[in-house]
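Notes for the one structure printed next.
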Amino acid sequence: MSARTDVSADARGSETPVIHTVQPAELRSVLRQGLADFEAKPTHGVFLTLIYLLIALFAAMIGLGENFLPLLLPLVGGLALIGPLAAAGLYELSRRRELGMDYSWYHVFDVAKAPSRGGIAIMGVLLAALFVAWLMTAELLYSVFFAERAPADVVAMIQQIFMTPAGWQLLATGTLIGFIYSVVVYMATVVSLPMMLQQKTGLGTALMTSLRTVQTNWKAMAAWYLIVVGLVLLGSLPLFVGLGIVVPILGHATWHLYRRSVTVP
206 MSARTDVSAD ARGSETPVIH TVQPAELRSV LRQGLADFEA KPTHGVFLTL
256 IYLLIALFAA MIGLGENFLP LLLPLVGGLA LIGPLAAAGL YELSRRRELG
306 MDYSWYHVFD VAKAPSRGGI AIMGVLLAAL FVAWLMTAEL LYSVFFAERA
356 PADVVAMIQQ IFMTPAGWQL LATGTLIGFI YSVVVYMATV VSLPMMLQQK
406 TGLGTALMTS LRTVQTNWKA MAAWYLIVVG LVLLGSLPLF VGLGIVVPIL
456 GHATWHLYRR SVTVP
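According to this note's numbering, the residues represented by the sequence shown are 206 to 470, in order.
Structure, rendered in structure tokens:
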């Protein structure tokens, strides 16, 4: 790990986490570390990602019923809102590998034994609530622009959204609102979840540390957000198959970004 400057004003030995300066150039090393974790046992990440996608899609199909098709794109985008929770298992594998411990796939369930498992559980509920709120927002937007004219099939949906003025307005509005949702989740979880996985801490402390870290390293954190969004979009293009590789690498890399950003007493 490269040298960096402590920017926390807390005295040495304080219980307050120390936030370090992270330069955007360091993100290349962070990605390399994430790739190394993935290459060590790639089936772990693929397995976790596929399970996560299947469960989320199945639950959404049941919940949305006949309204599923118009909300297909918001559903896929909304997976990013609960993605940080799903990535907790990847954080745990990276943590164990970093410490030289066994990191067999079943250790993903050690998240349930995390020092701050209560805070992680509450965070999971909050993320799930945001996911539902996003889908409700998307459904409301669709009804505003298209009333009750639900498409009959995927082809009709593509024509309706991508080939009509109302569709383009819907895309623009939905993208802006979705961006706000995703930024809020990113700022709240990029540090808090791995921090609660590593040590006993309150949810409030973890959230404040995450927000302070993003504020302190806004250039690097903004760049990392764009990297995550860009790679997830690329991974989604070939029928989402690429997410089985992209998401695990990003999950592992986010752990290493946290380790560079924060030192806990």
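Backbone N, C-alpha and C define an ideal beta-carbon position, used for all residues, glycine too. Since we're looking at a predicted model, the values are computed, not measured.
Item to check | Between the CA atoms of residue 368 and residue 226 - distance to the nearest angstrom | outcome: So the two alpha carbons sit approximately 46 Å from each other.
Checklist entry - How long is the line joining the alpha carbons of residue 409 and residue 321, rounded to whole angstroms? => result 12 Å
Checklist entry - So residue 370 is in the alpha helix (DSSP H); what residue range does that whole segment cover? => result Per DSSP, residue 370 belongs to the alpha helix (DSSP H) from 370-394.
Item to check | Limits of the alpha helix (DSSP H) - the one that residue 397 falls within | outcome: For residue 397, the uninterrupted alpha helix (DSSP H) run begins and ends at 397-403, by DSSP.
Item to check | Burial state of residue 470, where buried means 16 or more other Cβ atoms lie within 10 Å | outcome: exposed
Checklist entry - Using DSSP with H/G/I as helix, E/B as strand and the rest coil, what is residue 410? => result helix
Item to check | Neighbourhood of residue 455 by C-beta, 7 Å cutoff - its chain only, sequence neighbours within 5 removed | outcome: 239, 433, 436
Item to check | For residue 283 and residue 304, the rounded distance between their alpha carbons | outcome: Rounded to the nearest angstrom, the gap between the Cα atoms of residue 304 and residue 283 is 33 Å.
Checklist entry - So, residue 299 versus residue 358, is the Cβ gap smaller than 7 Å? => result It is not a contact, given that the beta carbons lie outside the stated cut-off.
Next on the checklist: Let's see if you can read the secondary structure: which residues bound the alpha helix (DSSP H) around residue 315?
Outcome noted: Per DSSP, residue 315 belongs to no alpha helix (DSSP H) and is neither H nor E.
Checklist entry - With burial defined as no fewer than 16 other Cβ atoms inside 10 Å of the residue's Cβ, what is the status of residue 316: buried or exposed? => result buried
Checklist entry - Hey, how far is the Cα of residue 351 from the Cα of residue 371? => result 7 Å
Checklist entry - Given a threshold of 16 other Cβ atoms within 10 Å of its Cβ, counted over all protein chains shown, does residue 384 qualify as buried or as exposed? => result Residue 384 comes out exposed.
Next on the checklist: I'd like to know whether the C-beta atoms of residue 290 and residue 329 end up nearer to each other than 7 Å.
Outcome noted: Cβ atoms of residue 290 and residue 329: closer than 7 Å.
Checklist entry - To which residues of the same chain is residue 463 closer than 6 Å at the C-beta, ignoring the five residues directly before and after it? => result 396, 399
Checklist entry - Taking the alpha helix (DSSP H) that residue 283 falls in, what are its first and last residues? => result For residue 283, the uninterrupted alpha helix (DSSP H) run begins and ends at 277-291, by DSSP.
Checklist entry - What are the residues that DSSP puts in a beta bridge with residue 223? => result 468
Next on the checklist: Please classify residue 211 as buried or exposed, where buried requires at least 16 neighbouring CB atoms within 10 angstroms.
Outcome noted: Interpretation of residue 211 is limited by its pLDDT of 43, a score under 50 that renders its predicted location unreliable; no figure is taken from the coordinates.
Checklist entry - What are the start and end residues of the alpha helix (DSSP H) that includes residue 242? => result 232-245
Checklist entry - Going along the chain, which residues of its own chain have a beta-carbon closer than 8 Å to the beta-carbon of residue 281, five neighbours each way excluded? => result 441, 445
Next on the checklist: Suppose you measure from the CA of residue 286 to the CA of residue 333; what does that come to, to the nearest Å?
Outcome noted: 8 Å
Item to check | C-alpha gap between residue 313 and residue 297, whole angstroms | outcome: Each residue's alpha carbon lies about 6 Å from the other.
Item to check | residue 275 burial status per 10 Å Cβ neighbour count (16 or more: buried) | outcome: buried
Item to check | Whole-angstrom distance between residue 347 and residue 466, CA atom to CA atom | outcome: 40 Å
Item to check | Collapsed DSSP secondary structure at residue 447 in the structure displayed | outcome: coil
Item to check | Nearest-angstrom Cα separation, counted from residue 365 out to residue 308 | outcome: 47 Å
Item to check | When 343, 327, 277, 337 are compared against residue 361, the one with the closest alpha-carbon | outcome: 277
Checklist entry - CA-CA distance, residue 235 and residue 458? => result 5 Å
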